[in-house]
Structure formats: C-alpha cells, structure tokens
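Take 0 as the starting number for the sequence shown in numbering that gives the first Met the number 0 and just add one per residue.
Written out below as structure tokens is the structure these notes cover.
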Amino acid sequence: MKLRASRLITPFLIAASLLGAGTSSAAETLTLGVLAYLPKSEIVERYQPIVDRLNKSLGDVNVKLVPLSYDKNEIENALNRKELDLLLTNPSHYIKLKKTYKFIGPLVTQEVFEKGQPTAMMGGVIFAKADRTDIKGLPDIVNTQIASPDLRSLGGYQSQAFELLKAGLPIPKRIVFKEKHDLVVMDVLNSKADVGFVRTGVLEGMEKRGQIKLSSFKIINSQPGASFPVALSTRLYPEWPIVATEKVSPQTIKRVTNALLAIKLDATAKSPAGIAGYVAAKSYLPIEEVERELKIQ
C-alpha cells in the first residue's frame with residue numbers, strides 16, 4: 000500500500016512542480032519613459048500604437064508607456080528611483096542625462112516622415128517674415144528680437160546658436176523663449192519677434208494644418224545642398240534615440256532592438272506622431288560638440 004501511495008503522490012508532485020515553474024516565468028514588463036514635449040495625453044495617443052506594435056512582436060515581454068515631462072525633473076526622478084527600463088527623449092536631453100546616468104545604447108534612432116520622406120536626421124530653421132528686406136543672412140539677425148521654444152531644444156535653439164558661433168558671430172542676447180515651436184512661428188508672423196528659431200518640419204507641419212502659408216516667411220542661411228525634404232538652416236543631427244538602463248538584460252535588449260528595427264510605417268497611412276520607424280543608432284557625438292562649444296551644462 001505504501002508503494003502505491005508513493006506512486007500516486009510522485010506524479011502529483013511532478014505536476015505541481017511544473018505548474019510552479021510555469022508561474023515563475025511570467026511575462027517581463029519594461030517601462031518606457033517618453034519625454035512629454037506635448038500634453039501627456041497626446042504623447043500616449045501618438046506613441047501607444049508604436050508600443051502596441053512592439054508588444055505584439057515581443058510576445059512575452061510587455062512594454063508599458065509612461066510619458067514624463069521636463070517639469071519637476073520627472074525623468075530624472077524616475078531614473079533615480081530605477082523605475083525606467085527604456086527611455087525615448089530628444090538628443091540634447093539624452094546628452095545631458097548620460098553625464099549622470101549610465102545607459103546602454105542608444106539602441107536605435109527614431110525615423111520620422113518629412114513631406115512623406117523618412118529621415119532619421121533633423122536640424123534647425125532660422126526664419127523671418129518674407130517682407131523683411133533688412134534680414135538676409137546670419138549677420139543680420141544678431142541684433143534682432145528672436146523667438147525660440149527653449150534653451151534646451153537642439154532644433155529650436157542650440158543648432159542655430161552653433162551655426163552663429165561657427166560663423167564667428169555672437170549669440171544674440173535678445174531672445175524670448177515661448178515653450179512651444181508653434182508660438183514662435185506665430186510671434187514672427189504677428190511681428191512680435193523679428194526672427195524665429197524652430198526645428199525642421201515645424202513650418203511645413205503648420206502649413207499642412209492650415210495655420211500658416213510658407214510664402215509668408217523667408218529662410219535665413221538656407222542649406223539647399225543638404226538634399227533635405229524640408230527647410231533647413233543648420234547642420235543635420237540625429238533624431239531622438241531610445242536607450243536602455245543598466246537593469247535590462249543583454250538578451251532583452253537584443254530582442255527589443257530587433258523588434259524596434261522591424262517597425263516600418265507607411266507614409267500614406269495615418270502614422271502616429273509622423274513616425275516612420277526606427278533605424279540603427281546614429282552617432283550623437285556631433286551634439287556633444289554643440290553643447291561643449293555652447294558651454295551648455
């Protein structure tokens with residue numbers, strides 16, 4: 000009888016053991032922090048479709064989207080609490096963060112559509128109203144009233160300031176920061192500012208939405224030789240990177256990277272945030288040079 004009981008109990012124990020092993024291999028959850036350059040609800044609306052694609056591809060790895068703003072150092076606080084596994088932010092912010100935090104990557108660089116053409120590069124635009132005959136080139140803007148979205152913006156301030164520096168010109172002192180690129184454009188249009196600094200694609204995007212006409216403006220220091228699909232006044236720099244924190248395993252990083260590289264969206268479809276997909280990580284050393292030359296901490 001004891002032998003029979005043993006034979007009955009053994010299969011039960013094996014089954015229980017296998018069940019326990021299956022329970023312990025639950026799906027891995029990764030938190031993706033995204034810099035909220037727009038209201039957080041809009042960031043979720045724009046990036047959740049990308050995260051959904053990612054999760055469908057990864058299967059047993061679940062990525063959770065968390066929008067975080069500049070305000071109150073939300074990203075820094077989340078990194079300090081070790082709450083983030085992945086981070087998508089603008090290039091200059093990434094360069095600033097990597098001075099304090101250890102990241103793996105960049106894993107990939109984000110690719111966006113500009114006039115239907117995918118590009119993983121971006122730059123800055125310097126513009127004035129089309130009827131300003133006194134503003135023709137970089138030397139003419141030094142003593143003008145300039146509107147810019149933010150000192151921390153690569154496309155909306157740093158790239159333009161770097162062009163002036165490399166041309167041997169002083170960085171203008173009369174600058175008002177408007178927080179949003181669209182507000183910069185409207186200030187120039189309404190003659191509240193002489194010159195505007197915005198990132199590439201902003202003017203074309205506003206025209207597409209019926210807010211402005213490109214013919215109302217002139218582009219200063221235009222770079223026609225760059226073969227870039229939209230107006231450009233500066234050098235080109237890589238788009239937003241995605242990086243991983245140290246707590247993510249190499250195996251998971253490889254899987255996430257491959258899944259991101261497989262995301263390719265059609266320009267004719269409704270693309271969230273104008274995202275075309277992700278490409279192999281670009282070099283962010285040129286942005287480090289910009290911040291070093293401009294003495295930006």
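Where a beta carbon is used, it is the ideal one built from N, C-alpha and C, also for glycine.
Can you name, in chain order, every residue of its own chain whose Cβ lies under 6 Å from the Cβ of residue i, other than the five neighbours on each side?
i: V247; result: D84
i: F88; result: One detail in the question is off: residue 88 reads as Thr in this sequence, not Phe. The answer, listed in chain order, is L34.
i: Q144; result: R173, A192, D193
i: I299; result: Residue 299 cannot be examined here, being either before or after the span of the chain that is shown, 0 to 296.
i: G245; result: Per the sequence presented here, residue 245 reads as Glu, with Gly not at that position. Excluding positions up to five away in sequence, the list reads K101.
i: A20; result: With a pLDDT of 42 at A20, under the threshold of 50, the predicted position of this residue should be treated as unreliable, though the coordinate-derived value follows. Same-chain partners within the cutoff: there are none.
i: I42; result: V33, A35, P66
Here's a check: name, in chain order, each residue in its chain whose Cβ is nearer than 8 Å to the Cβ of residue i, leaving out the five neighbours to either side.
i: N142; result: P171, R173
i: P169; result: V141, L163
i: L202; result: V124, F126, V184, I211, L213, F216, V229, A230
i: L29; result: V60, N61, V62, K63, D84, L85, V247, T251, V255
i: F227; result: E113, T118, M120, G122, T199, L235
Ignore the nearest five residues each way along the sequence and tell me which others in residue i's own chain have a CB closer than 7 Å to its CB.
i: A166; result: L137
i: R291; result: none
i: D133; result: D139
i: K81; result: K246
i: S23; result: Model confidence at S23 stands at a pLDDT of 40, short of 50, so the residue's coordinates are unreliable and nothing is read from them.
i: A243; result: D84, L85, F102, I103, G104, L106, I252
Could you tell me whether the Cβ atoms of residue i and residue j are closer together than 8 Å?
i: S232; j: E162; result: yes
i: D149; j: F176; result: yes
i: G104; j: I262; result: no
i: P195; j: G154; result: Residue 195 is actually Gly in this sequence, not Pro. For G195 and G154, no; Cβs fall outside 8 Å.
i: L31; j: L64; result: yes
i: V107; j: A225; result: no
i: P66; j: K95; result: no
i: V258; j: L53; result: Per the sequence presented here, residue 258 reads as Ala, with Val not at that position. A contact, by the Cβ cut-off of 8 Å.
i: H92; j: R151; result: yes
i: E27; j: D51; result: no
Of all the options the options, which has the alpha carbon lying nearest to the alpha carbon of residue i?
i: Q157; options: D139, T132, R198, P240; result: R198
i: N61; options: L182, V255, Q109; result: V255
i: E238; options: N257, L259, Y277; result: Y277
i: G200; options: D133, S190, A119, K39; result: A119
i: K253; options: L37, K135, Y93, S56; result: S56
i: A160; options: E27, V289, T28; result: V289
i: V187; options: I134, A146, K135, R208; result: A146
i: H180; options: L29, A26, Y36; result: Y36
i: T189; options: L29, R131, F227, L264; result: Note on residue identity: the sequence assigns Asn, not Thr, to residue 189. Nearest option by C-alpha distance: R131.
i: L264; options: N76, E41, E110; result: E110
i: I302; options: I74, N76, E75, K98; result: Only positions 0 to 296 of the chain appear in this structure, which leaves residue 302 out of reach.
*asked:* Can you confirm whether the region 211–219 touches the region 115–131 when touching is taken to mean that 3 or more C-beta pairs between the two stretches lie within less than 8 Å?
replied: In short, these stretches touch, since the Cβ pair count reaches three.
_Check whether the region 68–78 and the region 271–284 are in contact - that is, three or more C-beta pairs closer than 8 Å._
Contact between the region 68–78 and the region 271–284 is absent, because fewer than three Cβ pairs lie under 8 Å.
*asked:* Using a Cβ distance threshold of 8 Å, determine whether the region 224–241 contacts the region 278–286, with at least three qualifying pairs required.
replied: A contact exists between the region 224–241 and the region 278–286.
*Complete beta strand (DSSP E) runs within the region 200–232 (minimum length 3 residues, chain order)*: With a minimum length of 3 residues, the continuous beta strand (DSSP E) runs that stay inside the region 200–232 are 216–219.
*Run through the region 70–142 for me and flag every whole alpha helix (DSSP H) of 4 or more residues, listed as ranges in chain order.*
If only complete runs of 4 or more residues are kept, the region 70–142 shows the alpha helix (DSSP H) at 73–79, 90–96, in order along the chain.
*What are the uninterrupted segments assigned as alpha helix (DSSP H) that are 4 or more residues long and contained completely in the region 159–197, given in chain order?*
180–188, all fully within the region 159–197.
*Which runs of the alpha helix (DSSP H) fall wholly inside the region 240–294 and span at least 4 residues, in chain order?*
Unbroken alpha helix (DSSP H) stretches of 4 residues or longer found wholly inside the region 240–294: 249–260, 284–292, given in chain order.
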